[in-house]
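Q: Line by line, the protein sequences give chains F and V. According to my numbering, the first sequence is numbered sequentially starting from 14. According to my numbering, the second sequence is numbered sequentially starting from 12.
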Amino acid sequence: MTIISMRNVSKFFGDFQALKDVSLDVAAGERVVVCGPSGSGKSTLIRCINRLEAHEAGEIVVDGTTLTDAPADLDKIRGTVGMVFQQFNLFPHLTVMENLCLGPRRVLSLTDAEARARAMSHLERVQIPDQADKFPRQLSGGQQQRVAIARSLCMEPRILLFDEPTSALDPEMIAEVLDVMTELASTGITMIVVTHEMGFARRVADRMVFMDNGEIVEIGAPEDVFTAPKSKRFAAFIKQILNH
Amino acid sequence: MKRFLILASAFLLLSGCSNNWGWYVVDPTTNTGWVNLKFMASGAYYTIIMSLTAILISVVVGLLVALPGLSTKRGWRMFNRTYVEIVRAVPILVLILWVYYGLPALSGITLNVFWAGVLALALSDSAFQAEIFRAGIQSIARGQYEAAQSISLNYRDTMRYVILPQAIRRILPALGNQLVYMMKMSSLVSVIGLQELTRKANELVVSEYRPLEIYTVLVLEYLVLILIVSAGVRWLERRLKASDT
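(1) Could you name the residues of the same chain whose beta carbon sits closer than 7 Å to that of V:T169, not counting the 5 residues immediately before and after it, in chain order?
(2) Restricting to runs no shorter than 4 residues, where is the alpha helix (DSSP H) found entirely within the region 170-222 of chain V?
(3) Using a Cβ-Cβ cut-off of less than 7 Å, list which residues of the region 142-175 of chain V approach chain F; keep chain order.
(4) Enumerated in chain order, which unbroken segments of the alpha helix (DSSP H) with a length of 4 residues or greater are wholly contained in the region 173-235 of chain F?
(5) Taking C-beta pairs closer than 7 Å, name the residues in chain V that F:R91 reaches, listed in chain order.
(6) V:Q177 touches chain F at which residues, Cβ-Cβ below 9 Å?
(7) Examine chain F for any beta-carbon lying closer than 8 Å to the beta-carbon of V:R221, and answer yes or no.
(8) Return yes when the C-beta of F:L32 is under 7 Å from any heavy atom of the ligand SAM, and no when it is not.
(9) Could you have a look at F:T240 and say whether DSSP puts it in helix, strand or coil?
(10) Among V:L114, V:Y56, V:L75 and V:V240, which residue has its Cα nearest to the Cα of V:L183?
(11) At a CB-CB cut-off below 8 Å, which residues of chain F make contact with V:R180?
(12) Measure the Cβ-Cβ separation of F:M75 and F:I59 and say whether it is below 8 Å.
(13) Is the beta carbon of F:H106 closer than 8 Å to that of V:Q177?
(14) Do the CB positions of V:L190 and V:L208 come within less than 8 Å of each other?
(15) Would the region 148-157 of chain F count as touching the region 124-133 of chain F if we require 3 or more Cβ pairs under 8 Å?
(16) Just the C-alpha distance for V:T256 and V:L231, rounded to the nearest angstrom, thanks.
(17) Take every Cβ of the region 30-49 of chain F, pair it with every Cβ of the region 220-233 of chain F, and state whether three or more of those distances are shorter than 8 Å.
(18) List, in chain order, every chain V residue whose beta-carbon is nearer than 9 Å to that of F:V120.
(19) Check the Cβ of F:D261 against every Cβ in chain V and list those closer than 7 Å, keeping chain order.
(20) Could you check whether V:T64 and V:S197 sit closer than 8 Å to each other, using their CB atoms as the reference points?
(21) With a 10 Å radius around its C-beta and 16 neighbouring C-beta atoms as the bar for buried, classify F:F213 as buried or exposed.
(22) Considering only the beta carbon of each residue, do F:M168 and F:G95 sit closer than 8 Å?
(23) Check whether the Cβ atoms of F:S180 and F:L173 sit closer than 8 Å, and answer yes or no.
(24) Quick one: does F:M110 have its CB under 8 Å from some CB of chain V?
(25) Report the three-state DSSP secondary structure of F:S165 (helix, strand or coil).
(26) Can you tell me the Cα-Cα spacing of F:R159 and V:Y172, whole angstroms?
(27) Counting contacts by CB-CB distance shorter than 8 Å, is F:A164 in contact with chain V?
(28) Closer than 9 Å by beta-carbon distance: list the chain V residues that pair up with F:F98, in chain order.
(29) For V:N47, which three-state DSSP category applies?
(30) Going by DSSP, which residues form a beta bridge with F:S23?
(31) Using a Cβ-Cβ cutoff of less than 8 Å, which residues in the same chain neighbour F:T108 once the five nearest sequence positions on both sides are dropped?
(32) Helix, strand or coil for F:T78 per DSSP?
(33) Given V:S118, which residues of its chain have a CB within under 6 Å of its CB, disregarding the five upstream and five downstream residues?
Okay, here's the thing in structure tokens:
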């Protein structure tokens, strides 16, 4: 069953075309890893899926809802789609627990106790239940990103988008975040991950998407695209990434 | 330089003991002096109440004017700019006179001196508050809005729980400044007859004819009030910061 369907989507920033006629279908429960050089449009692609960016042409349907500016549709989509950001974007004035409870309380109208119980269960899942009463700045980058993942999970999304979740982390913290993501991948949630972590892609992805210049250049199962890349650009990209 | 300052202040203090000064008008050990001092200090009531009421109103109005200034819609931004530019351009004294003498003729609404003063001060300050809020809110990183959106918070909740709590911490020093400014500008309301500190001092000067001593006390009264306000604002800043770390 297709949960995300993008048809000929184009997105411009002024004169610059970030997405050129992109089409992509993602099945429910599928794990898709998107990679590509910087400026290739991969972040824009996933930011269009929860409409942090509005596309100018084409059609995006998420879980049966066509993306428009209609507030009711936006609510529906943002309830279905969670997002994890490169810079974590935790709320610095709130404790970890408050960060996690804000959405469930205000949006899902959970009681205080329900929200806290849910938050705690997700903190345990990302393995930092003991940090619940700390403020984000008291945590390491890896811990902050895990809190951010837990914050998304508290909204119980069907789709989770990751925008370079490990790019802002020190090398020794990347593994702890990837481990959490790998565990998540086994739960059947639909994941679209923009990352350069090729090891993670090989382990977890059902499909790899390679983007360049606002286009999807190559798409396929990781074992196929890694062993036999069809395009020169992707071949060059993998070589660069794996050799550094 | 330091020596000069010490000498100058010593000179001032000593000259205060000379015959040219008439501290008796405000000497708390004499009966008249004590009565005069109490008379002057009683003006603090209106100065404080008026400044606080005005700052509360101006913060609310300022925020309500600031938010459309951040809108993506041109019309809303135009409203913000027009309000700020016009209100900011009117001198406070002129606004006080206009509200007290002009507004009744224009609208038929007559305000007493207190509310005329509050309205003029609040109106005048709201333009500055709007600019302070706008700058404060704009200083919050875009990622905060995006994170709020990604957990489906609506505009009101995003502002209330995510953006404003952070923005207010940042603009607190500026808000403190405005409160101090407001307390000083409240002295202008004396021209329409509100019995606040400056008005009381003026009245005493007319009857006692000792402007130097009486206005010196007036200066000290404002100084004390404002030092208290500053200390309060700093305490609040520290408290908010402490809860942050």
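Glycine residues also receive a C-beta, built at the ideal position from the N, C-alpha and C atoms.
A: Taking the structure as given:
(1) Looking up residue 169 of chain V in the second sequence gives position 158. Within the same chain, V:T169 has close Cβ partners Y156 and A159.
(2) If only uninterrupted alpha helix (DSSP H) runs of at least 4 residues are considered, those enclosed by the region 170-222 of chain V are 175-196 and 208-219.
(3) Along the region 142-175 of chain V, the positions whose C-beta sits under 7 Å from a C-beta of chain F are G154, Q155, E157, A158, Q160, S161, I162, S163, L164, D168, Y172 and V173, read in chain order.
(4) Within the region 173-235 of chain F, the complete alpha helix (DSSP H) runs of at least 4 residues are 184-198 and 211-217.
(5) One-based indexing of the first sequence puts residue 91 of chain F at position 78. Neighbours of F:R91 on chain V, chain order: Q160, S161 and S163.
(6) As a first step, residue 177 of chain V is located in the second sequence; it is residue number 166 there, counting from the start. Correct list: F104, P105 and H106.
(7) Taking the second sequence and counting its residues from 1, one reaches residue 221 of chain V at position 210. Chain F places no beta carbon closer than 8 Å to that of V:R221, leaving this residue out of the contacts.
(8) Among the components of this structure there are no ligands whatsoever, and the ligand SAM is therefore not found.
(9) Within the first sequence, residue 240 of chain F is the residue found at index 227, counting from 1. Helix at F:T240.
(10) Here the question's residue 183 of chain V lines up with position 172 in the second sequence. That would be V:V240, whose Cα lies nearest to the Cα of V:L183.
(11) On the second sequence, residue 180 of chain V is found 169 positions in, with the first residue counted as 1. What V:R180 touches in chain F: H106.
(12) Within the first sequence, numbered from 1, the residue matching residue 75 of chain F stands at position 62. Within the first sequence, numbered from 1, the residue matching residue 59 of chain F stands at position 46. The amino acid at residue 75 of chain F is misidentified as Met; the sequence shows Val. Judged by their CB atoms, F:V75 and F:I59 are not nearer to each other than the 8 Å cut-off.
(13) Start at 1 with the first residue of the second sequence, and residue 177 of chain V comes out as number 166. Start at 1 with the first residue of the first sequence, and residue 106 of chain F comes out as number 93. Taking 8 Å as the Cβ cut-off, V:Q177 and F:H106 qualify as a contacting pair.
(14) One-based indexing of the second sequence puts residue 190 of chain V at position 179. One-based indexing of the second sequence puts residue 208 of chain V at position 197. Contact check for V:L190 against V:L208 fails: the beta carbons are separated by 8 Å or more.
(15) No, the region 148-157 of chain F does not touch the region 124-133 of chain F.
(16) The count along the second sequence starts at 1 and reaches residue 256 of chain V at position 245. The count along the second sequence starts at 1 and reaches residue 231 of chain V at position 220. Low confidence applies here, because V:T256 scores a pLDDT of 48, under 50, leaving its location unreliable and the question unanswered by this model.
(17) Contact between the region 30-49 of chain F and the region 220-233 of chain F is present, because at least three Cβ pairs lie under 8 Å.
(18) In the first sequence, counting from the first residue as 1, residue 120 of chain F sits at position 107. Within 9 Å Cβ-Cβ: I162, S163, L164, N165 and D168.
(19) Any property of residue 261 of chain F remains undetermined from this structure, which presents chain F solely from 14 to 257.
(20) Taking the first residue of the second sequence as 1, we reach residue 197 of chain V at position 186. Taking the first residue of the second sequence as 1, we reach residue 64 of chain V at position 53. Contact flag unset, no.
(21) For the purposes of this step, residue 213 of chain F is identified with residue 200 of the first sequence, where counting begins at 1. Answer is buried; the Cβ neighbour count reaches 16.
(22) By 1-based counting over the first sequence, the position of residue 168 of chain F is 155. By 1-based counting over the first sequence, the position of residue 95 of chain F is 82. F:M168 places its beta carbon less than 8 Å from that of F:G95.
(23) Within the first sequence, numbered from 1, the residue matching residue 180 of chain F stands at position 167. Within the first sequence, numbered from 1, the residue matching residue 173 of chain F stands at position 160. The beta carbons of F:S180 and F:L173 sit no closer together than 8 Å.
(24) Locating residue 110 of chain F in the first sequence gives position 97, where the first residue counts as 1. For F:M110, the answer is no, since every Cβ of chain V falls outside 8 Å of its Cβ.
(25) The residue labelled residue 165 of chain F in the question sits at position 152 within the first sequence. Three-state DSSP puts F:S165 in a helix.
(26) Here residue 159 of chain F corresponds to residue number 146 of the first sequence, with the count starting at 1. Here residue 172 of chain V corresponds to residue number 161 of the second sequence, with the count starting at 1. In a straight line, the C-alpha of F:R159 is about 21 Å away from that of V:Y172.
(27) Taking the first sequence and counting its residues from 1, one reaches residue 164 of chain F at position 151. The amino acid at residue 164 of chain F is misidentified as Ala; the sequence shows Arg. Contact with chain V is found for F:R164, since one of that chain's Cβ atoms lies less than 8 Å from the residue's Cβ.
(28) Residue mapping note: residue 98 of chain F aligns to position 85 of the first sequence, counting from 1. Simply G154, E157, A158 and S161.
(29) If you number the second sequence from 1, residue 47 of chain V lands on position 36. Shown here, V:N47 sits in a helix according to DSSP, grouped into three states.
(30) Here residue 23 of chain F refers to the residue found at position 10 of the first sequence. Within the DSSP bridge table, the entry for F:S23 names F:A70 as partners.
(31) The count along the first sequence starts at 1 and reaches residue 108 of chain F at position 95. Closer than 8 Å at the Cβ level, and outside the excluded window around F:T108, lie A145, D146, K147 and F148.
(32) Your numbering for residue 78 of chain F matches position 65 in the first sequence. F:T78: strand per DSSP, three-state reduction.
(33) As a working mapping, residue 118 of chain V is identified with position 107 in the second sequence. There are no such residues.
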